[in-house]
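Mapping the sequence shown onto numbering that gives the first Met the number 0, position 74 (from 1) lands on 73, and the numbers just tick up by one. Data block below; observations after.
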Amino acid sequence: MKLNRLMKSKPYLVATLFAIFSSGVYADVATAQKIADKYAAAAKAIDPSYTGPSAEEGKVFFNREVIQFKGDVNNPGKAIACASCHTANPADVGKHIVTGKQIKPLSPHANKKRFQSAREVEKNFTKHCNEVVGSDCSPQEKANYIAYLLTEKTPSKK
């Protein structure tokens, strides 16, 4: 009798398990979207003509190479971009260009732990914008960047 009841409830069990295990992914994507929305609101307060996050502009920013100088104009460093460490697809595992250390994907679809804390996101933006761009990123750049990361859902096939 119990086996018969279990077999009849199996579709509900599968649906319940699917909902439980998939809710974490959506929650982290939702958190990333909320953080992007906060940056967009800050950008709008600075520039009322700002129309909202652009994934296309975020992709351009992500791939934009910046020359790092090593002391003087005659001795420039190499060109780097976010994609230098994080690969062309932010859903892929990256590799730090100096240390060789593996970097978990940036995309919240591929790495559900990436956008757990707005404070951590801001800390990482401050650190990495200064390292790569040479200054802090604007709220508009941050909103666009996250908008782009939200579009990258699938790791590249290897």
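All residues carry an ideal CB built from backbone N, CA and C; glycine is no exception. Remember, it's a predicted structure, so these values are computed and weren't measured experimentally.
Bridge-paired residues (DSSP) for residue i
| i | result |
| --- | --- |
| Val65 | Ile79 |
| Lys100 | Answer is none; Lys100 lacks a bridge partner. |
| Gly93 | Ile102 |
Limits of the alpha helix (DSSP H) - the one that residue i falls within
| i | result |
| --- | --- |
| Val126 | It is Lys, not Val, that sits at residue 126 in the sequence shown. That run of the alpha helix (DSSP H) goes 117–131. |
| Ala146 | 138–150 |
Buried/exposed call for residue i, threshold 16 Cβ in 10 Å
| i | result |
| --- | --- |
| Lys112 | exposed |
| Ala78 | exposed |
| Ile45 | exposed |
| Gly133 | exposed |
| His95 | exposed |
| Glu119 | exposed |
Under 8 Å between C-beta atoms of residue i and residue j
| i | j | result |
| --- | --- | --- |
| Ser106 | Ala90 | yes |
| Pro138 | Ala41 | yes |
| Gln67 | Leu149 | no |
Alpha-carbon spacing of residue i relative to residue j, whole angstroms
| i | j | result |
| --- | --- | --- |
| Glu55 | Ala82 | 15 Å |
| Ser48 | Ala39 | 12 Å |
| Asn143 | His127 | 16 Å |
| Val92 | Pro154 | 8 Å |
| His85 | Lys103 | 8 Å |
| Asn123 | Gly99 | 19 Å |
| Glu64 | Thr125 | 18 Å |
| Gly57 | Asn88 | 13 Å |
| Glu130 | Ala80 | 10 Å |
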